[in-house]
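First the structure, in the form of structure tokens, and then the observations on it.
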Amino acid sequence: MAQTIQELLATKPSGSPQQTQYVDTVEAYDKWAEVYDTDGNFLQRLDTIEMRTLLPQFIDRVSKRFQPSPPETETTTTRPSLVDLGCGTGRNTIELLSALSTAKKANHFSVIGLDASRGMLDVARTATREYGAKSATQTPVELGILDLLQPEVSKTQLPSSLAGPGAVGVISTLVLQHIPLERFFAAAAGIMRAGGYLLVTNMHAEMGMRSQAGFTDERGVKVRPTSYCHAISDVLDAAAEAGFEVEEVVGAGEDGVLVRGVDEQLGEVLGARAKK
Numbered sequence: 001m002a003q004t005i006q007e008l009l010a011t012k013p014s015g016s017p018q019q020t021q022y023v024d025t026v027e028a029y030d031k032w033a034e035v036y037d038t039d040g041n042f043l044q045r046l047d048t049i050e051m052r053t054l055l056p057q058f059i060d061r062v063s064k065r066f067q068p069s070p071p072e073t074e075t076t077t078t079r080p081s082l083v084d085l086g087c088g089t090g091r092n093t094i095e096l097l098s099a100l101s102t103a104k105k106a107n108h109f110s111v112i113g114l115d116a117s118r119g120m121l122d123v124a125r126t127a128t129r130e131y132g133a134k135s136a137t138q139t140p141v142e143l144g145i146l147d148l149l150q151p152e153v154s155k156t157q158l159p160s161s162l163a164g165p166g167a168v169g170v171i172s173t174l175v176l177q178h179i180p181l182e183r184f185f186a187a188a189a190g191i192m193r194a195g196g197y198l199l200v201t202n203m204h205a206e207m208g209m210r211s212q213a214g215f216t217d218e219r220g221v222k223v224r225p226t227s228y229c230h231a232i233s234d235v236l237d238a239a240a241e242a243g244f245e246v247e248e249v250v251g252a253g254e255d256g257v258l259v260r261g262v263d264e265q266l267g268e269v270l271g272a273r274a275k276k
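In the UniProt record's numbering, the protein residues as written are 1 to 276.
Printed below as a string of structure tokens:
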């Protein structure tokens with residue numbers, strides 16, 4: 001069984017004087033939701049930069065494989081679905097909508113954001129609504145509950161549009177670190193149709209032992225959800241076990257995985273916390 005970062009760190013001396021509180025993952029993100037997009041988290045900023053390169057590749061491959069019907073013959077209910085799994089505040093849901101618009105595929109798909117945190121979904125609902133009003137996007141967006149730690153329980157709450165053959169594409173960003181690998185890939189496979197594409201980003205295991213997900217609350221206490229250090233090899237093995245195959249992306253290594261580090265130049269872009 002995979003050890004949590006909390007369990008791994010318990011065996012090492014701590015150099016941080018700040019009090020840390022570990023709480024249930026959903027509870028942590030419910031509390032974090034209000035400041036999640038504004039607390040200077042550089043990993044989110046780095047993820048956004050990378051997704052702006054990865055999403056066009058993702059959309060291109062999904063479109064070529066599934067070739068949606070001509071827009072004039074489609075209805076909202078028949079459009080193939082793209083899912084943001086663990087959508088949080090909708091940060092990458094909006095990036096996905098924007099990438100669809102740029103690729104002139106806005107009226108070819110519907111987009112579904114799923115998350116376990118109602119607090120996060122409340123923020124995502126406002127953010128996607130405001131984006132839709134500002135951009136006049138033609139892509140319908142639906143948000144719903146899915147707890148990856150209890151997929152069978154929350155499966156009954158999935159949007160009806162996922163009741164059929166499943167999503168043709170799923171993105172899941174900075175979520176994997178909070179979920180045991182076999183559960184994550186089983187849940188992803190469970191909402192996808194055969195041949196669908198899964199795009200995953202995750203905190204590197206080496207970074208996980210230095211800087212975990214979390215935020216400082218109004219008491220000055222560092223609040224952290226449960227997190228895991230998943231080695232790349234373990235991620236690839238779990239994905240293969242669930243039936244996934246790695247496809248090459250631009251800039252990836254021999255294993256098909258793109259690894260991005262932070263140097264001084266990128267640190268300037270990402271802010272003070274990245275420099276540290």
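Beta carbons are placed, not taken as given, at the ideal position from N, Cα and C, and that holds for glycine.
Since this is a predicted model, take the numbers as computed values, not measurements.
Quick check: what's the CA-CA separation for residue i versus residue j?
{"i": "Thr-78", "j": "Ala-186", "result": "25 angstroms"}
{"i": "Ala-189", "j": "Arg-118", "result": "23 angstroms"}
{"i": "Val-175", "j": "Gly-86", "result": "6 angstroms"}
{"i": "Lys-222", "j": "Ser-63", "result": "43 angstroms"}
{"i": "Gly-196", "j": "Ala-133", "result": "30 angstroms"}
{"i": "Gly-40", "j": "Arg-129", "result": "24 angstroms"}
{"i": "Thr-173", "j": "Gln-19", "result": "28 angstroms"}
{"i": "Pro-225", "j": "Val-123", "result": "19 angstroms"}
{"i": "Asp-237", "j": "Val-246", "result": "11 angstroms"}
{"i": "Arg-193", "j": "Ala-239", "result": "15 angstroms"}
{"i": "Phe-42", "j": "Pro-165", "result": "37 angstroms"}
Relative to the C-alpha of residue i, which candidate in the options has its C-alpha closest?
{"i": "Tyr-36", "options": "Thr-226, Asp-234, Asp-217, Ala-238", "result": "Asp-217"}
{"i": "Ile-171", "options": "Leu-46, Val-83, Asp-60, Thr-139", "result": "Val-83"}
{"i": "Val-235", "options": "Leu-181, Arg-224, Glu-254", "result": "Leu-181"}
{"i": "Glu-27", "options": "Gln-67, Met-120, His-108, Thr-4", "result": "Met-120"}
{"i": "Asp-30", "options": "Leu-43, Gly-88, Gln-57, Thr-38", "result": "Gly-88"}
Can you find the residues in the same chain that come closer than 7 angstroms, C-beta to C-beta, to residue i, ignoring five residues on each side of it along the sequence?
{"i": "Ile-179", "result": "Leu-148, Leu-149"}
{"i": "Pro-159", "result": "Ile-112, Glu-142, Gly-144"}
{"i": "Arg-61", "result": "Tyr-197"}
{"i": "Arg-125", "result": "Leu-143"}
Could you tell me which residues DSSP puts in a beta bridge with residue i?
{"i": "Ile-171", "result": "Asp-84, Leu-199"}
{"i": "Arg-224", "result": "Tyr-22"}
{"i": "Ser-161", "result": "DSSP output for Ser-161 lists no bridge partner at all."}
{"i": "Ile-112", "result": "Val-83, Glu-142"}
{"i": "Thr-216", "result": "Lys-222"}
Near residue i, which residues of its chain fall below 6 angstroms by C-beta distance, leaving aside the five closest residues on each side in sequence?
{"i": "Ala-252", "result": "Leu-258"}
{"i": "Asn-202", "result": "Leu-176, Gln-177"}
{"i": "Thr-25", "result": "His-178, Pro-225, Thr-226"}
Go through its chain and collect everything with a Cβ distance to residue i's Cβ below 8 angstroms, but skip five positions before and after it.
{"i": "Arg-260", "result": "Leu-46, Glu-50"}
{"i": "Ala-167", "result": "Pro-80, Ser-81, Leu-82, Val-83, Ile-112, Ile-191, Met-192, Arg-193, Gly-196"}
> Do three or more CB pairs link the segment 106 to 114 to the segment 136 to 152 at distances below 8 angstroms?
Replying inline: Because the criterion of three Cβ pairs below 8 angstroms is met, the segment 106 to 114 and the segment 136 to 152 touch.
>> I'd like to know if the segment 95 to 108 and the segment 39 to 55 are in contact, where contact means that at least 3 CB-CB pairs between them fall below 8 angstroms.
In response: Contact between the segment 95 to 108 and the segment 39 to 55 is present, because at least three Cβ pairs lie under 8 angstroms.
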